[in-house]
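Notes follow the structure.
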Amino acid sequence: MAVAQNNLLLNQIRTQTAGTFDLRSQSLYIAHRRIIRLKSAGFITQGQYLQSDSFIHTLDSRVKLALALILSIASLMTESNSFNLILIIGLVFCLIRFTGGWPVLRGMLKPILIMVIITSAYHIIFVRGTGSGSYDLFGLQISQDAIDGAIFYSGRLVMYMLMMTVLMKSTNATEIGDAILFFLKPFRLIKLPVDHIGLMLFIAVRYISVLGDELSSIRAAQLVRGMRFDGNLITRTRKSISLVAPLFSSTLARADRLAVAIKGRGWGNDISRTSYRIDSIGLSDLIVLIGGSSLVVSLLLFGDKL
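Residues in the sequence shown are numbered from 727 upward in steps of one, following the working numbering.
Below, the structure is given as structure tokens:
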């Protein structure tokens, strides 16, 4: 698929340049080829909603958010590696089967590996165990408690990343905002500005994909101008300023336009707001909620025995 897109793009550029393939056209072709390669690997689309009619996509957003909250709370109440492993396998299956397949999973490997390395390095360097097990690695004493902690907390971190990816890929920003607002409704009894909090969270979730698209556009523009982002860490960090500065400027301009639009639509006038769409929880949603909650509780109670 990527080869066909590259050939089509190359023919279009040659046609537009009357058969001449100059340096600027070559730079444009190389830039678009890199973007196609990144998109096919799932790097650019991380965290964005993937439209589909799969089973997970059709579930009510409140059910998915409730399961995510139950899973997050349960993970804080256990120290079982079996709990993390079983849930990671289940989340990987959901990610491959329902929310993007192997390209999305391949795109997650690099950030997951980076976070695992950072977490493991922290425990190995700073954790000093009280047990008898100890290993020597290039003069660094590594305790068994540090190794166990690195494995457990890395597994928990991977589980959180997979869980949020499945949630974000299968639920659009509007549905997430409505679900958050639904769970915040009881706080209206203590005069908490639930609508304002819900709006802020909705904008934050919505802008994840917007900023991702904006960053992709800026990167493509810099690649066409001949900018290269390879090299060592210091070089890439210095060159990233050409991405961060325009992104920061466009984000401020977009936020200003959004504030004007929200104010123009009468937000904040203390009038009771209504919803255009009223969602209802069906039988399949209840089955998934009860089944998922029972599975998490069972793993929480009996995970150490597996």
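A virtual CB, placed ideally from N, CA and C, is assigned to each residue, including glycine.
Let me know if L978 comes out buried or exposed under the rule of 16 or more other beta-carbons within 10 Å of its beta-carbon. By the neighbour-count rule (16 or more Cβ atoms within 10 Å), L978 is not buried but exposed.
In the DSSP output, which residue or residues are listed as bridge partners for Q1013? In the sequence on display, residue 1013 carries Ile and not Gln. Paired residues: none, contrary to the question.
Residues near I873 in its chain [Cβ-Cβ closer than 7 Å; skip 5 each side]: none
My output table needs one value for I782: the three-state DSSP class, helix, strand or coil. DSSP places I782 within a helical segment (H, G or I) once states are collapsed to three.
What does Q774 pair with, by DSSP beta-bridge criteria? Q774 is not bridged to any residue.
What are the boundary residues of the beta strand (DSSP E) that includes L883? No beta strand (DSSP E) contains L883, which is instead part of the alpha helix (DSSP H) from Q870 to S896.
Backbone CA spacing between K911 and S787 [nearest angstrom]: Looking at the backbone, the Cα of K911 and that of S787 are separated by about 16 Å.
Close beta carbons around A876, own chain, < 7 Å, minus the five adjacent residues each side: T845, S846, H849 and I850
How big is the Cα-Cα spacing for A987 and S1020? In this structure, the straight-line span from the alpha carbon of A987 to that of S1020 is close to 44 Å.
For L915 and S1001, I'd like the C-alpha separation in whole angstroms. 20 Å
Just the Cα atoms here: how many angstroms apart are E901 and F908? 10 Å
Between the region 924-939 and the region 889-901, do three or more beta carbon pairs fall short of 8 Å? Verdict: yes, contact present.
To which residues of the same chain is L785 closer than 8 Å at the C-beta, ignoring the five residues directly before and after it? S896, S1010, D1011 and V1014
Put S1006 into one of helix, strand or coil per three-state DSSP. coil
Let me know the secondary structure DSSP gives P919 once reduced to three states. coil
Between A800 and V1022, how many whole angstroms is the CB-CB distance? I'm expecting something under 8 Å. The beta-carbon distance between A800 and V1022, rounded to whole angstroms, is 5 Å. This is short enough to meet the 8 Å contact definition.
Delimiting residues of the alpha helix (DSSP H) encompassing G827: Taken as a continuous stretch (DSSP letters only), G827 belongs to no alpha helix (DSSP H), as it is neither H nor E.
Please work out which residues of its chain come closer than 8 Å, Cβ to Cβ, to K790, disregarding the five sequence neighbours upstream and downstream, and give them in chain order. Only I782, L893, S896, T897 and A905 meet the Cβ criterion.
Please classify M889 as buried or exposed, where buried requires at least 16 other C-beta atoms within 10 Å of its C-beta. Counting Cβ neighbours within 10 Å, M889 comes out buried, since at least 16 surround it.
Report the three-state DSSP secondary structure of L978 (helix, strand or coil). helix
Spatial neighbours of Y879 in its chain, beta-carbon cut-off 6 Å, leaving aside the 5 residues before and after: T845
Residue environment, Y775, which counts as buried when at least 16 other CB atoms sit within 10 Å: buried
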